[in-house]
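Step one of this worksheet: look at the structure below.
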């Protein structure tokens, strides 16, 4: 069977693919990139039967129907008429699917095609509600609303917190206010992103305000260093792609949420490439100074804020 997932909500698509693989109970997962391989090689791999005749799932990143050649389309159509038990998952980077195309019509008729649109509050609420329902957990409308409020309706943070709740409940079927307060309210992603914004804006006062809040909740300074390193790596990538691609294309290429890419594009002119590289070196050196040279991690991070 062929499964097509199209859209910009990277983590939603990732979640759906993980759920699909779990449902199909496939252990042999092969990941390919359409930028590096053609449809013939993909189909050959799909049709190849290994020694143990084990079912496999082939996940193809950066798939597009826009550049699909006539020969490739014919090969794909031929396979659709003779599909085997293996799963072909196409992570499509096209913004929308052209329903006028014959291949799209056939896929929608004989395969599974899901277009994932950017989620607003209502859609995210419904999606989270369904996650709890699928896991046989009773969650009220107000409880889901509370989770979304605590996560600022950010899709990435919300899904992360929901997964934490599922792990915490561990088979229990009743979500309570106490559990939400215990698990979600101690989450620091919101404040971490506020800290990141303050650093990107070079707002020293806001940096220290967020830093104190994060430290007071028990987060180690090493975790903050790692988080900031990740943010600056993303900033560097976005800065060097923003004049070549749309934010949607960058989001798909990097596997980063569209909201994050948009924020980084706004900050891209605040730092030169050399500055970003220098900051990444500083953060790396700080990590070494803490782990190898046993220097005070809090003082190092505070000095970093003052020199940013």
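In the numbering used here, the protein residues as written are 406 to 713.
The beta-carbon is built from N, C-alpha and C at its ideal position, and this holds for glycine as well.
Exercise. Going by beta carbon distance, what residues of the same chain come within less than 6 Å of residue 497, once the five residues before and after it are set aside?
Worked result: Stepping through the chain shown from its first residue, residue 497 is reached at position 92. These residues qualify, in order along the chain: 409, 411 and 468.
Exercise. Assuming residue 542 and residue 574 make a contact with CB atoms under 8 Å, what is their CB distance in whole Å?
Worked result: The residue labelled residue 542 in the question sits at position 137 within the chain shown. The residue labelled residue 574 in the question sits at position 169 within the chain shown. Going by Cβ atoms, the distance from residue 542 to residue 574 rounds to 6 Å, so yes, they are a contact pair.
Problem set entry | Residue nearest to residue 581 in terms of C-alpha spacing, selected from 510, 669 and 552 | In the chain shown, the residue the question calls residue 581 occupies position 176. The shortest C-alpha separation from residue 581 is found at 552.
Exercise. If residue 443 sits next to residue 414, beta carbons under 8 Å apart, how far is it from one beta carbon to the other, in whole angstroms?
Worked result: Position 38 of the chain shown holds residue 443. Position 9 of the chain shown holds residue 414. Between residue 414 and residue 443 the Cβ distance is about 28 Å, and since that is not below 8 Å, they are no contact.
Problem set entry | Rounded C-alpha distance that separates residue 523 from residue 706 | Taking the chain shown and counting its residues from 1, one reaches residue 523 at position 118. Taking the chain shown and counting its residues from 1, one reaches residue 706 at position 301. Distance between the alpha carbons of residue 523 and residue 706 is about 36 Å.
Exercise. Start and end of the beta strand (DSSP E) containing residue 633?
Worked result: Counted from its first residue, the chain shown places residue 633 at position 228. No beta strand (DSSP E) contains residue 633, which is instead part of the alpha helix (DSSP H) from 626-646.
For this session: Please check the pair residue 416 and residue 436, which I expect to be a contact at CB under 8 Å, by giving their CB distance rounded to whole angstroms.
Result: Counted from its first residue, the chain shown places residue 416 at position 11. Counted from its first residue, the chain shown places residue 436 at position 31. Contact flag wrong, Cβ pair sits at about 17 Å.
Exercise. Are the beta-carbon atoms belonging to residue 460 and residue 495 less than 9 Å from one another?
Worked result: The residue you call residue 460 lines up with position 55 of the chain shown. The residue you call residue 495 lines up with position 90 of the chain shown. In this structure, residue 495 does not lie closer than 9 Å to residue 460 by Cβ.
Problem set entry | Local Cβ density within 10 Å of residue 572, reported as buried at 16 or more and exposed below that | Here residue 572 corresponds to residue number 167 of the chain shown, with the count starting at 1. The residue is exposed, with fewer than 16 neighbouring Cβ atoms inside 10 Å.
For this session: Please report how far the alpha carbon of residue 535 lies from the alpha carbon of residue 709, in whole angstroms.
Result: Position 130 of the chain shown holds residue 535. Position 304 of the chain shown holds residue 709. Computed Cα separation, rounded: 43 Å.
Exercise. CB-CB under 7 Å to residue 499, same chain, minus the five flanking residues each way: which ones, in chain order?
Worked result: Along the chain shown, one-based indexing puts residue 499 at 94. Excluding positions up to five away in sequence, the list reads 411, 469, 470 and 471.
Exercise. Based on the DSSP output, what are the partners of residue 674 in its beta bridges?
Worked result: Within the chain shown, residue 674 is the residue found at index 269, counting from 1. Paired residues: none, contrary to the question.
Exercise. Between the C-alpha atoms of residue 525 and residue 603, what's the straight-line distance to the nearest angstrom?
Worked result: Mapped onto the chain shown, residue 525 falls at position 120. Mapped onto the chain shown, residue 603 falls at position 198. About 26 Å.
For this session: Count the other C-beta atoms from every protein chain shown that fall within 10 angstroms of the C-beta of residue 396, then say buried if there are 16 or more, exposed otherwise.
Result: This structure gives no information on residue 396, because the portion of the chain shown stretches from 406 to 713.
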